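Enquirer: Take the sequence shown: its letters are residues 0 to 384, numbered as in numbering that gives the first Met the number 0.
Before we start, here is the structure in question, set down as structure tokens.
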Amino acid sequence: MKALVYHGAKKVSVDKVADPKLEKLTDVIIKLTTTNICGSDLHMYEGRTDVEKGKILGHENLGQVVEVGKAVDTVKKGDKVVLPFNIGCGFCANCERGLFGYCLTCADSSVMPGMAGAAYGFAAMGPYSGGQAQYLRVPYADFNCLQLPEDADEKERDYVMLSDIFPTGWHATRLACLEPGQSILIYGAGPVGLMAAMSARIQGASQIFVVDGEEDRLALAKQIGATTFDTKNADITGQIRELTNGAGADCGAECIGYQCTNNKGKEVPNLVMNSLVDAVKATGTIGVVGVFIPQDPGANDKLAKKGQIAFDLGKFWFKGQRMGTGQCNVKAYNRRLRDLIHYGKADPSIIISHELPLEEAPAAYEHFDQRDEGWTKVILHPNAA
Ligand code: ZN
Ligand code: ZN
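Below is the structure:
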């Protein structure tokens, strides 16, 4: 089959590789019809993780089941399914508690003592191949496949967002403990930040503030119903206080991660976290879904190399704020978010800017990585005729 393979920093190509096979009786194989390029793929693309060369990337996957292991009960050949980016077993101590992003069975514990969690085509998340390919092996298929209703083809561009960014955006608002009628400050108008804004709107936020430095992204945030702030604007925190009777936003969401940059394009890893502590009200909660990693040897900052930032803990403590962190437990939300799409209450596909065949993925990585104007979200069709 054809697949997008990582060969080193900024080197990816579409190669001929072996087809995946059923390895356990609980597996299925799917034929990908849509797979996305994600902002977190760019950390790997830029060589800012320890992902191994030869890895097939791609963790936002949707396709049709073509082979079914003998122990799979509910998933049938021909089903159209969307897969959470995280791979869970469904029966370990963490999966039992709904923390599917921290599965103990599927994790690769050689990465870090106490490591939990697995994902397709991702650094430090187990030996699983990604889905930017024609076919993909899905472990524990009964647990990991979410079947799609009869409008699966018609709304495929929406449903594929259930693999990661829509649940992750939703997760940001839940980690932030957003209540109906409250305001939320979202840092980052990339795909996840935009999905956080859409999730906040659906949950009845009174004001949605979105901060980013790219005009095309801010325009989408505005379309979703947010009040937008360009980072080139000097006193964003001051303006947010003005709009919230001096208090600050009720809660905050970090949707950028460790590679956040200042106005001059310089990476300042603590910039967003400390801005949130400043602009969220005393007692407010901050949800952090942007990726932070335990080691970042490629960082230009001494602390960041060790995965550390200079965090305003004093202000955070004094304001009695709280914080929720980590990757989204996609299965905690994806079934209900699927139904929001099915019944016309959510349309995450509005952020898609490019639909391309797999062959064009390397060029798409380059454009997306450069933050080229208009490249907000790329989806690929690996088996397009
Ligand atoms: Zn993703
Ligand atoms: Zn598990």
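Note that CB positions come from ideal geometry on N, CA and C, so glycine has one too.
All of these numbers come straight from a predicted model, not from anything done at the bench.
Is any non-hydrogen atom of ligand 2 found closer than 8 Å to the C-beta of asparagine 328, if you look at the structure I gave you?
Expert: Position 329 of the sequence shown, counting from 1, holds the residue named residue 328. Every heavy atom of ligand 2 is 8 Å or more from the Cβ of asparagine 328, so no.
Enquirer: Does the Cβ of leucine 312 have 16 or more other Cβ atoms within 10 Å, making it buried, or fewer, making it exposed?
Expert: By one-based count along the sequence shown, residue 312 stands at place 313. Exposed, by the Cβ-count rule.
Enquirer: If you reduce the DSSP assignment to three classes, tell me which class alanine 204 lands in.
Expert: As a position in the sequence shown, residue 204 is number 205, starting the count at 1. The answer is coil: DSSP assigns alanine 204 none of H, G, I, E or B.
Enquirer: Can you tell me whether phenylalanine 291 sits near ligand 1, meaning its C-beta is under 8 Å from at least one heavy atom of the ligand?
Expert: Here residue 291 is taken as the residue at index 292 of the sequence shown, counted from 1. No.
Enquirer: Closest to glycine 398 by C-alpha separation, out of Gly180, Thr230, Gln258, would be which residue?
Expert: Outside the displayed span of the chain (0 to 384) sits residue 398, for which this structure offers no information.
Enquirer: Starting from alanine 140, trace the alpha helix (DSSP H) both ways and give me its first and last residue.
Expert: Locating residue 140 in the sequence shown gives position 141, where the first residue counts as 1. Here the alpha helix (DSSP H) through alanine 140 covers 140-143.
Enquirer: Rounded to the nearest angstrom, what separates glycine 189 and isoleucine 351 at their Cα positions?
Expert: What you label residue 189 is simply residue 190 of the sequence shown in a count that begins at 1. What you label residue 351 is simply residue 352 of the sequence shown in a count that begins at 1. Their Cα atoms are separated by approximately 11 Å.
Enquirer: Valine 27 and glutamate 59: beta carbons closer than 9 Å?
Expert: The sequence position of residue 27 within the sequence shown is 28, counting from 1. The sequence position of residue 59 within the sequence shown is 60, counting from 1. No, these two residues do not count as a Cβ contact at 9 Å.
Enquirer: Taking only runs that begin and end inside the stretch 164-203, name each unbroken alpha helix (DSSP H) of 4 or more residues, in chain order.
Expert: 164-174, 190-201
Enquirer: Please report the distance separating the alpha-carbon of aspartate 295 from that of phenylalanine 228.
Expert: Position 296 of the sequence shown, counted from the start, is the residue given in the question as residue 295. Position 229 of the sequence shown, counted from the start, is the residue given in the question as residue 228. Per the coordinates, the alpha-carbon of aspartate 295 lies some 29 Å from the alpha-carbon of phenylalanine 228.
Enquirer: Report the rounded CA-to-CA distance for glycine 306 versus proline 361, giving the unit in angstroms.
Expert: Along the sequence shown, read from residue 1 onward, the residue named residue 306 stands at position 307. Along the sequence shown, read from residue 1 onward, the residue named residue 361 stands at position 362. Each residue's alpha carbon lies about 28 Å from the other.
Enquirer: Quick one: using the 10 Å Cβ neighbour count with 16 as the cut-off for buried, is methionine 194 buried or exposed?
Expert: Start at 1 with the first residue of the sequence shown, and residue 194 comes out as number 195. Counting Cβ neighbours within 10 Å, methionine 194 comes out buried, since at least 16 surround it.
Enquirer: Rounded to whole angstroms, what's the CA-CA distance from glutamate 256 to asparagine 262? Just pull it up for me.
Expert: Locating residue 256 in the sequence shown gives position 257, counting from the first residue. Locating residue 262 in the sequence shown gives position 263, counting from the first residue. A small fix is needed here, since residue 256 is glycine in this sequence, not glutamate. Looking at the two C-alpha atoms, the distance is approximately 16 Å.
Enquirer: Is it true that the stretch 156-175 meets the stretch 81-100, where meeting means three or more beta-carbon pairs spaced less than 8 Å apart?
Expert: yes
Enquirer: With a cut-off of 8 Å on the beta carbons, I'd call glycine 62 and leucine 31 a contact; round off their distance for me.
Expert: Taking the sequence shown and counting its residues from 1, the one referred to as residue 62 is at position 63. Taking the sequence shown and counting its residues from 1, the one referred to as residue 31 is at position 32. That belief holds up - the Cβ atoms of glycine 62 and leucine 31 are roughly 4 Å apart, short of 8 Å.
Enquirer: What residue from Ser182, Gln238, Gly203, Gly264 has the CA that sits closest to cysteine 250's CA?
Expert: Within the sequence shown, the letter at position 251 stands for residue 250. In terms of CA proximity to cysteine 250, Ser182 leads the group Ser182, Gln238, Gly203, Gly264.
Enquirer: Could you check the C-alpha separation between valine 271 and alanine 123 for me, to the nearest Å?
Expert: By 1-based counting over the sequence shown, the position of residue 271 is 272. By 1-based counting over the sequence shown, the position of residue 123 is 124. Roughly 25 Å between the two C-alpha positions.
Enquirer: Provide the residue span of the beta strand (DSSP E) that contains methionine 322, from first to last.
Expert: Taking the first residue of the sequence shown as 1, we reach residue 322 at position 323. Its beta strand (DSSP E) spans residues 321-324.
Enquirer: Helix, strand or coil for phenylalanine 310 per DSSP?
Expert: Working through the sequence shown from its first residue, we reach residue 310 at position 311. Three-state result, phenylalanine 310: coil.
Enquirer: If you draw a straight line from the C-alpha of aspartate 346 to the C-alpha of isoleucine 340, how long is it?
Expert: What you label residue 346 is simply residue 347 of the sequence shown in a count that begins at 1. What you label residue 340 is simply residue 341 of the sequence shown in a count that begins at 1. Rounded to the nearest angstrom, the two C-alpha atoms are 6 Å apart.
Enquirer: Please enumerate, following chain order, all residues with a beta carbon closer than 5 Å to at least one heavy atom belonging to ligand 2.
Expert: Gly87, Cys88, Cys91, Cys94, Cys102, Thr104
Enquirer: Going by Cα to Cα distance, which pick from Glu365, Asn382, Asp211, Ser162 is closest to leucine 184?
Expert: For the purposes of this step, residue 184 is identified with residue 185 of the sequence shown, where counting begins at 1. When each option's Cα is compared against that of leucine 184, the closest is Asp211.
Enquirer: If we count Cβ pairs, one from each stretch, closer than 8 Å, do we get three or more for the stretch 92-99 versus the stretch 167-176?
Expert: no
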